[in-house]
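In our numbering, the protein residues as written are 66 to 463.
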Ligand code: ADP
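What follows is the structure in structure tokens.
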């Protein structure tokens with residue numbers, strides 16, 4: 066049995082999954098939250114149980130110890146199902162990593178070197194790699210980069226129109242994110258339609274708390290809405306997405322905002338949260354239905370930005386064969402999907418409103434009408450499974 070341990074090590078949390086790759090089933094999963102705070106929360110799930118404990122978790126080493134405790138106490142025993150490989154989710158691989166990569170000391174150093182491009186994320190990812198390599202010293206470790214899928218973007222879509230020397234010196238360009246998810250659902254879409262991925266033009270809308278759109282042509286990312294960092298593009302749960310950069314000069318000059326304060330404003334206090342006071346789409350839609358004006362305007366801004374990117378990418382692809390909705394909002398919010406796809410019949414996009422409104426499970430759902438030229442699918446994403454597949458393939462497993 067080929068088993069893969071997938072770890073996603075964030076700045077204050079560690080998420081993990083143990084996957085049996087013979088049938089791609091999840092054997093166990095868990096998360097350790099509030100690392101470094103006075104009290105942490107540890108959750109370990111097996112096929113039939115969920116165990117939650119509160120305990121202080123000082124750092125990433127301690128978080129991995131908690132994960133091991135979860136396996137030892139609640140199963141499955143890692144002695145009985147030892148992982149053949151550990152797959153690590155890494156946020157920023159820039160133009161250094163073009164695919165999944167077997168981790169050695171050199172790769173660790175390279176990931177460390179990319180920390181300035183993704184300060185919070187890569188530092189936390191690296192802490193996870195170091196802890197995991199200590200604990201699983203005889204197991205191969207593979208880094209799977211969120212940016213790798215987007216390394217096929219041409220200069221035309223990934224360069225910013227700033228001084229080339231400054232851009233090159235500081236490696237400023239669009240790298241994108243969510244690449245593992247975009248790749249996974251694009252492949253799922255092709256399999257569902259029974260058409261080769263190489264012949265499809267797909268717009269993927271990965272809309273969760275973080276959100277990005279991706280134009281996929283022949284299985285390759287040709288543009289994506291996130292930029293050098295995940296701040297650019299769509300309106301997100303707490304991130305502003307696109308904004309005139311001069312707003313930052315203005316806030317600095319007129320209101321004395323520091324760089325850190327601006328960072329916090331745009332990354333943590335903006336988006337749906339900033340516009341409406343909450344970043345949960347369920348609450349926002351309920352408030353709109355109840356006549357709440359602030360929620361209505363917030364949702365309008367959110368949907369308008371989605372339409373902006375959908376239109377741009379359909380033009381860029383010279384038309385579209387498929388639109389894929391995925392992640393928390395994309396998979397669950399019929400209202401956001403309906404409003405984004407409204408009045409697009411002239412573009413060949415027509416939703417079947419009944420199918421769109423029906424609640425979905427883990428299955429792929431087609432929500433366009435039979436005569437819609439562009440087929441619209443809802444596909445549950447599974448980044449962990451994609452990381453596991455890539456990690457196993459990298460070490461020659463199957
Ligand atoms: P993350 O970017 O953190 O991975 P997710 O993909 O899990 O985010 O998406 C989380 C978001 O999905 C929530 O903040 C919420 O707005 C939205 N969401 C989850 N379930 C529903 C639902 N049933 N209806 C509408 N929105 C939902």
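Think of the CB as a built atom: it goes at the ideal place given N, C-alpha and C, for glycine as much as any other residue. Computed from a predicted model, the values in this text were never measured in an experiment.
- Boundaries of the alpha helix (DSSP H) in which residue 316 is found, first to last residue: 311 to 320
- Item | residue 182 vs residue 128 beta-carbon contact at 9 angstroms | No, they are not a contact pair.
- Answer yes or no: do residue 92 and residue 152 have a C-beta to C-beta separation smaller than 9 angstroms? no
- Distance between residue 323 and residue 425 (C-alpha atoms, nearest Å): 45 angstroms
- Message: Given a cut-off of 9 angstroms on the beta-carbon distance, is the pair residue 289 and residue 321 in contact?
- Response: no
- Message: Using 9 angstroms as the threshold, is the C-beta distance between residue 270 and residue 387 below it?
- Response: no
- Message: Below 8 angstroms, how does it come out for the stretch 275 to 293 and the stretch 241 to 251: are there three or more Cβ pairs, yes or no?
- Response: yes
- Message: If I follow the unbroken alpha helix (DSSP H) through residue 125, where does it start and stop?
- Response: Looking at the DSSP string, the run of the alpha helix (DSSP H) that includes residue 125 is 125 to 139.
- Item | Selection from 83, 171, 172 that minimises the alpha carbon distance to residue 465 | Summary: the structure shown does not reach residue 465, with the chain confined to residues 66 through 463, and so no result is reported for it.
- For residue 299, I'd like the list of residues in its chain whose CB is within less than 6 angstroms of its CB, leaving aside the five on either flank, ordered along the chain. 276, 290, 306, 370
- Query: Which residues mark the beginning and the end of the beta strand (DSSP E) in which residue 287 is found?
  - Reply: 285 to 289
- Query: Using CA coordinates, which residue listed in 109, 167, 161, 121 is at the minimum distance from residue 139?
  - Reply: 109
- Message: What does the Cβ neighbour count give for residue 261, buried or exposed, with the cut at 16 atoms within 10 Å?
- Response: exposed
- Under 8 angstroms from any heavy atom of ligand 1, does the C-beta of residue 393 make it? The answer is yes for residue 393.
- Can the beta-carbon of residue 391 be found less than 9 angstroms from the beta-carbon of residue 445? yes
- Task: Taking residue 150 as the reference, give the member of 180, 422, 106, 201 with the closest Cα.
- Result: 201
- Helix, strand or coil at residue 82 [DSSP, three-state]: strand
- Quick one: which unbroken beta strand (DSSP E) runs of 3-plus residues sit fully inside the stretch 315 to 395? Chain order, please. 387 to 391
- Query: Can you list the alpha helix (DSSP H) stretches of 4 or more residues lying completely in the stretch 139 to 182, in chain order?
  - Reply: Runs of the alpha helix (DSSP H) inside the stretch 139 to 182: 170 to 178.
- Message: From the DSSP secondary-structure annotation, give me the bridge partner or partners of residue 108.
- Response: Paired residues: 96, 117.
- Message: Rounded to whole angstroms, what is the Cα-Cα separation between residue 378 and residue 95?
- Response: One C-alpha to the other measures close to 36 angstroms.
- Compute the distance between the beta-carbons of residue 268 and residue 222, then report whether it is under 9 angstroms. No, the Cβ-Cβ distance between residue 268 and residue 222 is not below 9 angstroms.
- Integer-rounded CB distance, given that residue 186 should sit under 8 angstroms from residue 197: Contact between residue 197 and residue 186 is absent: CB atoms are separated by about 16 angstroms, not below the 8 angstroms threshold.
- residue 350: beta carbon under 8 angstroms from a heavy atom of ligand 1? Relative to ligand 1, the nearest heavy atom lies less than 8 angstroms away from the CB of residue 350.
- What's the C-alpha gap between residue 132 and residue 97? 8 angstroms
- So who's on the other strand from residue 270, going by DSSP bridges? 278, 390
- Determine contact between the stretch 355 to 362 and the stretch 412 to 421, defined as no fewer than three beta-carbon pairs at a distance below 8 angstroms. no
- Heavy atom of ligand 1 within 8 angstroms of residue 290 beta-carbon: no
- Message: At a cut-off of 8 angstroms, would you count residue 346 as near ligand 1, judging by its Cβ distance to the nearest heavy atom?
- Response: yes
- Query: Rounded C-beta distance between residue 155 and residue 72? I'm assuming under 8 angstroms.
  - Reply: Not quite, the Cβ-Cβ distance comes to about 10 angstroms (not below 8 angstroms), so this is no contact.
- Query: Can at least three beta-carbon pairs, one atom from the stretch 425 to 443 and one from the stretch 394 to 402, be found at a separation below 8 angstroms?
  - Reply: yes
- Message: Assuming residue 188 is part of the alpha helix (DSSP H), what are its boundary residues?
- Response: 184 to 200
- Assumed close pair residue 338, residue 303 - CB separation to whole angstroms, cut-off 8 angstroms: 5 angstroms
- Below 8 angstroms on the Cβ atoms is my guess for residue 283 versus residue 263; work out the distance and round it to an integer in Å. About 5 angstroms separates the two Cβ atoms, so the contact holds.
- Task: Go through its chain and collect everything with a Cβ distance to residue 403's Cβ below 7 angstroms, but skip five positions before and after it.
- Result: The residues are 416, 418, 421.
- Comparing alpha-carbon positions, which option in 212, 102, 143, 105 lies nearest residue 452? 212
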